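Residue numbers (our numbering): 2 to 107.
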């Protein structure tokens, strides 16, 4: 059996969509917690330099459900190409890890 670990998933979205996405992920147990942080993003899109106010979602989940989490984000995210970046954690406080895994079915 594969070892399930805490992952942090970063997703950017329009501020108006942030709470909806966060609520869906927590309610459906894809995430134990989602932080919503206001950010300014600069990027190229369709040959134009863009600057937007966005929200950065910091999603705490488990590695065992990543593919399903990614699919669910794509289902509810309005962007054509949503930023979905998952990183493994180096170290996590034991009680917090257990809580995250319990909340996400790990």
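Built from N, CA and C at the ideal position, the CB exists for glycine as well. Remember, it's a predicted structure, so these values are computed and weren't measured experimentally.
Continuous beta strand (DSSP E) stretch holding residue i: start and end
{"i": "residue 39", "result": "34-46"}
{"i": "residue 86", "result": "85-89"}
{"i": "residue 63", "result": "49-63"}
Expected contact under 8 Å - CB spacing of residue i and residue j to nearest Å
{"i": "residue 38", "j": "residue 90", "result": "Not a contact, Cβ separation roughly 18 Å."}
{"i": "residue 12", "j": "residue 77", "result": "The Cβ separation is near 10 Å, so there is no contact."}
Endpoints, the alpha helix (DSSP H) within which residue i is located
{"i": "residue 71", "result": "67-77"}
{"i": "residue 25", "result": "16-28"}
{"i": "residue 101", "result": "95-104"}
Sequence-distant residues of its chain with Cβ nearer than 7 Å to residue i (five each side left out)
{"i": "residue 61", "result": "7, 9, 32, 33, 34, 101"}
{"i": "residue 2", "result": "Note that residue 2 scores a pLDDT of 39, beneath 50, so its modelled location is shaky and nothing firm can be said."}
Of the residues the options, the one placed nearest residue i, counting alpha carbons only
{"i": "residue 84", "options": "21, 44, 25", "result": "44"}
{"i": "residue 26", "options": "86, 49, 71", "result": "71"}
{"i": "residue 88", "options": "63, 97, 49", "result": "63"}
{"i": "residue 52", "options": "36, 67, 15, 24", "result": "15"}
{"i": "residue 104", "options": "28, 81, 23, 50", "result": "28"}
{"i": "residue 30", "options": "46, 47, 67", "result": "67"}
{"i": "residue 82", "options": "5, 47, 17, 106", "result": "47"}
Contacts around residue i, its chain only, beta-carbon distance under 8 Å, and the 5 residues preceding and following it disregarded
{"i": "residue 95", "result": "none"}
Same chain, Cβ closer than 6 Å to residue i, neighbours up to 5 away in sequence not counted
{"i": "residue 55", "result": "13, 40, 42"}
{"i": "residue 59", "result": "36"}
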